[in-house]
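Below: the structure, in structure tokens.
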């Protein structure tokens, strides 16, 4: 059976500071090769991995056997090199794998086309856009207060940042002046509950605006969170998210950015303009994506998947 190495497998190996071993039964996707290059993960043949592993010093051999062993060693090396350059799959096998992937919904036609499409040169100043609506990140304690003891979130959609997802669950926010219903919960759970709203939402709720990066919650306003099984009163934790661009260290190095750097965004189009005070966020688990909220996106007539230009 063929073994498939995906981009997620490479990310997991990078987090373990390990390389990946490939052989004739291994399929490595184009995206996985790109991520391996970005993360510094080597895709080693089984023979190369064995040679790099520590081993005991060989016992001395009789002098008259040296030439024979030397020739035998060269034969083994040439044999391994010949094996290494052989294609992992024949054309028929590749066709069967791709057909099965289509049938099982593992790959779409667009994804397969992307595998064989030559990689375009990187423009360091062009980044994709992700547009965020109001949402909430819950701690496990608050999740259980709102939805019941032992409750687990139900993922319905993966987000641009690895491991993060939109959940089926929604809550209601209640402030001094008003209520906002159907606020989406994002997962996984976090150590501390955080609510991210739009600037206009603060007027409806009757709370101050605190423009912050995620996790910077000290001194922010609170709100009441209502779920199907209970209520949580937050003393702080409500923010209007500061504009930011996620990336991992390899992506940052490739593009010449650093964590905490403040840049601007140039948006083209009929309603284009400039967005200032955009903060670069470099984390090991990050993936290149510029995050703005729906109010900003609507004002500039852009959407998820649009691209913008970074002005340094």
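Residue numbers (full-length UniProt numbering): 1 to 312. All C-beta atoms, glycine included, are put in the ideal place defined by N, C-alpha and C.
Contact set for residue i: own chain, Cβ-Cβ below 6 Å, skip 5 residues either direction
{"i": "residue 140", "result": "189"}
{"i": "residue 271", "result": "300 and 301"}
Buried or exposed (CB count within 10 angstroms, at least 16 for buried), residue i
{"i": "residue 247", "result": "buried"}
{"i": "residue 14", "result": "buried"}
{"i": "residue 167", "result": "buried"}
{"i": "residue 233", "result": "exposed"}
{"i": "residue 132", "result": "buried"}
{"i": "residue 143", "result": "buried"}
{"i": "residue 217", "result": "buried"}
{"i": "residue 173", "result": "buried"}
{"i": "residue 115", "result": "exposed"}
{"i": "residue 96", "result": "exposed"}
{"i": "residue 262", "result": "exposed"}
{"i": "residue 29", "result": "buried"}
{"i": "residue 18", "result": "exposed"}
CB-CB length for residue i against residue j, believed under 8 Å
{"i": "residue 243", "j": "residue 267", "result": "Wrong, their Cβ atoms sit about 12 Å apart, outside the cutoff."}
{"i": "residue 310", "j": "residue 265", "result": "6 Å"}
{"i": "residue 239", "j": "residue 290", "result": "Contact doesn't hold; Cβ gap of about 18 Å is too wide."}
{"i": "residue 235", "j": "residue 222", "result": "5 Å"}
{"i": "residue 307", "j": "residue 127", "result": "7 Å"}
{"i": "residue 204", "j": "residue 178", "result": "4 Å"}
{"i": "residue 146", "j": "residue 229", "result": "6 Å"}
{"i": "residue 220", "j": "residue 237", "result": "6 Å"}
Three-state secondary structure (DSSP) of residue i
{"i": "residue 162", "result": "coil"}
{"i": "residue 142", "result": "helix"}
{"i": "residue 172", "result": "strand"}
{"i": "residue 189", "result": "coil"}
{"i": "residue 75", "result": "Low confidence applies to residue 75: its pLDDT is 47, below 50, so where it sits in the model is not reliable, and the reading given next is rough at best. Correct three-state label for residue 75: helix."}
{"i": "residue 181", "result": "strand"}
{"i": "residue 241", "result": "strand"}
{"i": "residue 213", "result": "coil"}
{"i": "residue 224", "result": "strand"}
{"i": "residue 147", "result": "helix"}
{"i": "residue 11", "result": "helix"}
{"i": "residue 313", "result": "For residue 313 there is no data in the structure shown, the boundaries of the chain being 1 and 312."}
{"i": "residue 42", "result": "coil"}
{"i": "residue 264", "result": "strand"}
Own chain, CB closer than 7 Å to residue i, minus 5 neighbours either side, in chain order
{"i": "residue 32", "result": "5, 6, 7, 9 and 10"}
{"i": "residue 125", "result": "309 and 310"}
{"i": "residue 199", "result": "209, 240 and 295"}
{"i": "residue 286", "result": "161, 246, 247 and 248"}
Neighbourhood of residue i by C-beta distance below 8 Å, restricted to the same chain and skipping five residues each side
{"i": "residue 269", "result": "300, 301 and 302"}
{"i": "residue 186", "result": "135, 136, 137, 159, 164, 165, 166 and 167"}
{"i": "residue 3", "result": "25, 26 and 27"}
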